[in-house]
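Each position in the sequence shown, counted from 1, maps to that position plus 2 in my numbering. Glycine included, C-beta positions come from ideal geometry on N, C-alpha and C. Okay, so here's the structure we're looking at.
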Amino acid sequence: MQKIIQKGFEIYPGLLPRSDQQGLVSDLRACLQQAPLFAPRTPGAKPMSIRMSAAGRLGWVTDQRGYRYEPRHPDGMGWPPIPAAVLAIWAQVTGLDRQPDCCLINWYGQSARMGLHQDKDEGDFAFPVVSISLGDDGLFRMGNVERGGKTESIWLGSGDVVVMGGAARLAYHGIDRIRFGSSTLLPKGGRINLTLRVVR
Ligand code: MD3
Ligand code: FE
Numbered sequence: 003m004q005k006i007i008q009k010g011f012e013i014y015p016g017l018l019p020r021s022d023q024q025g026l027v028s029d030l031r032a033c034l035q036q037a038p039l040f041a042p043r044t045p046g047a048k049p050m051s052i053r054m055s056a057a058g059r060l061g062w063v064t065d066q067r068g069y070r071y072e073p074r075h076p077d078g079m080g081w082p083p084i085p086a087a088v089l090a091i092w093a094q095v096t097g098l099d100r101q102p103d104c105c106l107i108n109w110y111g112q113s114a115r116m117g118l119h120q121d122k123d124e125g126d127f128a129f130p131v132v133s134i135s136l137g138d139d140g141l142f143r144m145g146n147v148e149r150g151g152k153t154e155s156i157w158l159g160s161g162d163v164v165v166m167g168g169a170a171r172l173a174y175h176g177i178d179r180i181r182f183g184s185s186t187l188l189p190k191g192g193r194i195n196l197t198l199r200v201v202r
C-alpha cells in the first residue's frame with residue numbers, strides 16, 4: 003500500500019476499500035446508538051463546531067472542568083467497545099500488540115472545522131495516534147511541534163488513514179474545512195474522523 007510521509011505524518015491514501023468503509027459506518031451507527039454524538043464545549047464555554055462521541059475504555063470530554071479522558075459519556079452511559087474492524091486497522095498500520103484505549107469519533111457537518119491544536123491529554127506520547135477518515139473530504143493542516151512556522155495541507159478523503167508517531171505526535175494540526183457532499187458514503191453528507199489513542 004502506498005505511504006506518503008509529509009512533515010512526519012504517515013498518510014495511507016485510500017487504504018480502506020469502499021466495502022470496509024461501509025462496514026465501519028454500520029459499526030459506528032451501533033456505537034452511536036449506545037453513546038450518542040454530543041456538542042462539546044471548550045473549558046471557556048465556547049461551542050465546538052463538530053459533534054463528538056467515543057468508543058473504548060475511555061473517551062475524551064471537555065467542559066468547564068477542562069479537557070480530559072473519562073470512562074463515561076457526559077450523559078452517564080459507558081462507552082461501547084471499539085469495533086473489531088477498527089482495532090484491525092490500528093494493528094495493521096502500527097504493528098503494536100497494545101490496543102488503543104480510546105476511539106474518538108468526530109463528526110463534521112457543512113461548516114464544521116477544528117482549529118490548530120496539539121493532542122496532549124494522553125499519558126504516553128511514545129504511542130502513535132491513528133486517524134481514519136470517512137465520508138466527505140477534509141482539508142487537514144499539518145504544522146510543527148512549536149507554535150507557528152510553515153504549515154502544509156492535504157485533503158483527506160474517505161478511506162484514508164494517517165499515523166502520527168515520533169515527532170509528528172506532538173505537532174500542531176487541524177481541519178480547515180470540509181467539502182460537503184463530496185462523498186456518497188454518508189447519505190446525508192458530512193465527514194467522520196476516528197482517532198485511536200493509547201491514553202494510560
Ligand atoms: C497529529 N482530529 O481529534 S485527525 C483530533 O480530522 C483531531 O478530526 C482531526 O485532530 C480530525 O484531535 C485530525 C489527524 C490527527 C489526529 C490526531 C493527532 C492528527 C494528529 C495527534 C497528534 C498529532
Ligand atoms: Fe488532534
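**Message:** Which residues does DSSP list as the beta-bridge partners of Asp65?
**Reply:** As a first step, residue 65 is located in the sequence shown; it is residue number 63 there, counting from the start. The partner list for Asp65 (beta bridge, DSSP) reads Gly68.
**Asked** What do you get for His119, buried or exposed, if any count of 16 or more other CB atoms within 10 angstroms of its CB means buried?
**Response** For the purposes of this step, residue 119 is taken as the residue at position 117 of the sequence shown. Looking at its Cβ environment, which holds fewer than 16 other Cβ atoms inside 10 Å, His119 is exposed.
**Item:** Run of the beta strand (DSSP E) containing Asp139, from where it starts to where it stops
**Value:** Here the question's residue 139 lines up with position 137 in the sequence shown. Per DSSP, Asp139 belongs to the beta strand (DSSP E) from 139 to 144.
**Cβ shell of Asn108 (< 6 Å), same chain only, five flanking positions each side left out** = Counted from its first residue, the sequence shown places residue 108 at position 106. Closer than 6 Å at the Cβ level, and outside the excluded window around Asn108, lie Ile52, Met54, Asn195.
**Request:** Just confirm the distance between the C-beta atoms of Pro130 and Val88, as a whole number of angstroms; I'd bet it's less than 8 Å.
**Result:** Taking the sequence shown and counting its residues from 1, the one referred to as residue 130 is at position 128. Taking the sequence shown and counting its residues from 1, the one referred to as residue 88 is at position 86. With 8 Å as the limit, Pro130 and Val88 do not qualify as a contact, their Cβ atoms being about 15 Å apart.
**Prompt:** How do the region 133 to 149 and the region 176 to 194 stand: do at least 3 beta-carbon pairs fall below 8 Å, yes or no?
**Reply:** Judged by Cβ distances under 8 Å, the region 133 to 149 makes contact with the region 176 to 194, as three or more pairs qualify.
**Asked** Is it buried or exposed for Ala47, if we count other Cβ within 10 angstroms and need 16 for buried?
**Response** By one-based count along the sequence shown, residue 47 stands at place 45. Counting Cβ neighbours within 10 Å, Ala47 comes out exposed, since fewer than 16 surround it.
**Prompt:** Which whole-angstrom value is the C-beta distance of Leu221 and Ser135, which I expect to be below 8 Å?
**Reply:** Within the shown structure, residues of the chain are numbered from 3 to 202, placing residue 221 beyond reach of any answer.
**Prompt:** Nearest-angstrom Cα distance between Trp92 and Gly176?
**Reply:** Residue mapping note: residue 92 aligns to position 90 of the sequence shown, counting from 1. Residue mapping note: residue 176 aligns to position 174 of the sequence shown, counting from 1. In a straight line, the C-alpha of Trp92 is about 21 Å away from that of Gly176.
**Message:** What I want to know is whether the C-beta of Ala56 ends up closer than 6 Å to one or more non-hydrogen atoms of ligand 1.
**Reply:** Position 54 of the sequence shown, counted from the start, is the residue given in the question as residue 56. Outside the cutoff, so no.
**Asked** Between the beta-carbon of Lys9 and the beta-carbon of Glu154, is there less than 7 Å?
**Response** In the sequence shown, the residue the question calls residue 9 occupies position 7. In the sequence shown, the residue the question calls residue 154 occupies position 152. In this structure, Glu154 lies closer than 7 Å to Lys9 by Cβ.
**Item:** Beta carbon of Ala173 nearer than 7 Å to that of Gly145
**Value:** Counting from one through the sequence shown, the residue named residue 173 turns up at place 171. Counting from one through the sequence shown, the residue named residue 145 turns up at place 143. Yes, the Cβ-Cβ distance between Ala173 and Gly145 is below 7 Å.
**Prompt:** What residues in its chain sit with their C-beta under 7 Å from that of Leu60, if we drop five residues either side in the sequence?
**Reply:** As a working note, residue 60 is residue 58 in the sequence shown. In the same chain as Leu60, and ignoring 5 residues on each side of it, the C-beta atoms closer than 7 Å to its own belong to Tyr71, Glu72, Pro73, Asp103, Cys104, Val201, in chain order.
**Prompt:** Apart from the five residues on each side of it in sequence, which residues of its chain come closer than 8 Å, Cβ to Cβ, to Pro76?
**Reply:** For the purposes of this step, residue 76 is taken as residue 74 along the sequence shown, with counting starting at 1. Result list for Pro76: Phe40, Val63, Asp65, in chain order.
**Prompt:** According to the Cβ coordinates, are Thr44 and Ser133 closer than 7 Å?
**Reply:** In the sequence shown, the residue the question calls residue 44 occupies position 42. In the sequence shown, the residue the question calls residue 133 occupies position 131. Not in contact: Thr44 and Ser133 (Cβ atoms no closer than 7 Å).
**Item:** Every unbroken alpha helix (DSSP H) within the region 71 to 106, with a cutoff of 4 residues, ordered by chain
**Value:** 86 to 96
**Prompt:** Going by the C-beta, is Asp121 closer than 6 Å to any heavy atom of ligand 2?
**Reply:** Counting from 1 along the sequence shown, the entry for residue 121 is found at position 119. For ligand 2, at least one heavy atom lies less than 6 Å from the Cβ of Asp121.
**Item:** Endpoints, the beta strand (DSSP E) within which Gln8 is located
**Value:** Counting from 1 along the sequence shown, the entry for residue 8 is found at position 6. That run of the beta strand (DSSP E) goes 6 to 8.
**Asked** Mind checking Leu106: buried by the 16 CB within 10 Å criterion, or exposed?
**Response** Working through the sequence shown from its first residue, we reach residue 106 at position 104. Buried, because 16 or more other Cβ atoms sit within 10 Å of the Cβ of Leu106.
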